[in-house]
Structure formats: C-alpha cells, structure tokens
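Read the structure below first, then the notes.
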Amino acid sequence: MRYDALLCDADNTIFDFTKAEENAFSAACAHMGMEATKALLARYSEINAALWKQLEQGTITQAVLRVQRFAQFLSETGHPGSAQEMADCYADALSRQDVLLPGALDAMRRWSARVPVVIVTNGISRIQHGRMDRSEIRHLICGMIVSEEVGVAKPDPRMIELGMQKAGVADRRRVLMLGDSLSSDMAAAANAQVDGCWYNPNGAANDRGLPIAYEVRSLDEVDAILQGKEGQA
C-alpha cells in the first residue's frame, strides 16, 4: 500500500451536504413561518459560506457562526423571528441528514478494508455526530476529528495531525487527505505536509495555486491512489 491511513472530509466528499442543507433550511423556515424559496436558500448559502471562510481564517468562532448566519439572514429578509431559535431548529434538522453522495458507501467499504479511515471535518459537534450516528458508514471509520471539539479548523495543520494520531500513523508520507475544498482540505494537507487528494467532480480550477498530489473526478479513483497504482499529478 502507498498509504497507511486515509483522512477524509465529510461534507460534499462523503455526505451530500447540498441536499442536507436544503432539507434543514426548509425545516427551519417552516418552523419560523417562512416559505423556503430557492432564492432564500441561495442567499442563506452565500451568507453561510462567507462565514465559514472567516472560520477557516480564524476571524470568527463556530459559536458565533452558528447564530450569526441566521441573524444576518433574518435581518436581510426583514423577518422578526429569533436567530437563536432558527439556528437551533436548523441544527436539529441538519443532524438528521445522513444522505451520502452516490458511490460513497461502497467506496468507504473498500477503503476501510485497506487502511484506517478518519473523518476530519470543520463541523459543529452536535450536527456531525448526529449525522454519523445515523449513517451506514459509522462502522467503517476508526474515528472523527470535529473542529468544534478540538478548537481549531482546517486549514490548520493540527486537524491533520489529530487525524493521524487517531489513525495511529506517525509518518506524514504515509497519510492521504481526501476532500473537495481547496481552502480547507487541500490547504490543510499542504500545511501539514501530507499528500492531498482533491475530489473535484466538476473540474474546477486550482485558483489558489496549492500543491496537490492528486486530483480525482470520482471517488472510485481513490482506490488506485491508496495502493500506489496511480501516478502523482
């Protein structure tokens, strides 16, 4: 085997976060007496993404992010409801969303039969554990590193290092980090000096100029990389 451990992002790498977000947002809006239109979801997603970028940069905490995204959303829409109430409803609904991306379950079965797999996620503990506890992949991983629990977030290399500890692997050359995000997953891999595998199904450009060992369009391509049968980029 080329690698002794696989560190794997959760959202939009294994879990279908786009669908999960849509479902949870609809539930939160219904609770607040609002109609969850596509336009409102799009605007919420923009607000949420911008705040997560701030988290990656270390300029905001997850405790603030959790409520601030809804405070900003409600302010823009002119809705008089409580941001905390909407945040709580959203988190509860999202924690029950365990939809996997197509092919992810089979891929996880194959990977975990070869090497320890650790989920490394910039997530909220309650949500990530709620989803994982319901998921078919819960018995296929040997652990999960959640940013809220450890006090740092990708691209901080400590997220990778904690994942390595969980997998029981000390040699950085023997660890692969798989994820869909350049700014968190691939940047974290680069910062920790481990090989990164960018899951890029839509063929986006590497506009950050990050050093990436591998780029894949399908999760099926990861098998050959783990075994050392795929050339590096």
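Under our numbering, the residue at position 154 of the sequence shown is numbered 154, and the numbers go up by one with no gaps.
Backbone N, C-alpha and C define an ideal beta-carbon position, used for all residues, glycine too.
Among L74, S112 and A39, nearest to V140 - alpha-carbon criterion = As a first step, residue 140 must be located in the sequence shown, where it is residue number 140. Just to set this straight, residue 140 is Leu in the shown sequence, not Val. Put simply, of L74, S112 and A39 the residue whose alpha carbon is nearest the alpha carbon of L140 is S112.
Contact set for N234: own chain, Cβ-Cβ below 7 Å, skip 5 residues either direction | An answer regarding residue 234 cannot be provided, because it is not within the stretch 1 to 233 covered by the chain.
Chain-order list of residues whose beta-carbon lies under 6 Å from that of A107 (same chain, five-residue window excluded) | The sequence position of residue 107 within the sequence shown is 107, counting from 1. Here the set comprises L219.
Mind checking G130: buried by the 16 CB within 10 Å criterion, or exposed?
-> In the sequence shown, counting from the first residue as 1, residue 130 sits at position 130. So G130 ends up on the buried side.
One or two residues paired with D11 in a DSSP bridge = Here the question's residue 11 lines up with position 11 in the sequence shown. In the DSSP output, where bridge partners are listed per residue, D11 has F15.
Minimum C-alpha distance to S181 - residue among N122, V64, T61 and T77 = Taking the first residue of the sequence shown as 1, we reach residue 181 at position 181. Of the candidates N122, V64, T61 and T77, the one whose C-alpha sits nearest the C-alpha of S181 is N122.
Apply the 10 Å Cβ neighbour rule to R69 and answer buried if 16 or more other Cβ atoms are within range, or exposed otherwise.
-> Position 69 of the sequence shown, counted from the first residue, corresponds to residue 69. By the 10 Å Cβ count, R69 comes out buried.
Just reading off the alpha helix (DSSP H) that V222 is part of, what are its end residues?
-> The residue labelled residue 222 in the question sits at position 222 within the sequence shown. Taken as a continuous stretch (DSSP letters only), the alpha helix (DSSP H) holding V222 covers V222 to L226.
Hey, would you say L101 sits closer than 8 Å to M86, going by beta carbons?
-> Here residue 101 refers to the residue found at position 101 when the sequence shown is read from its first residue. Here residue 86 refers to the residue found at position 86 when the sequence shown is read from its first residue. For L101 and M86, no; Cβs fall outside 8 Å.
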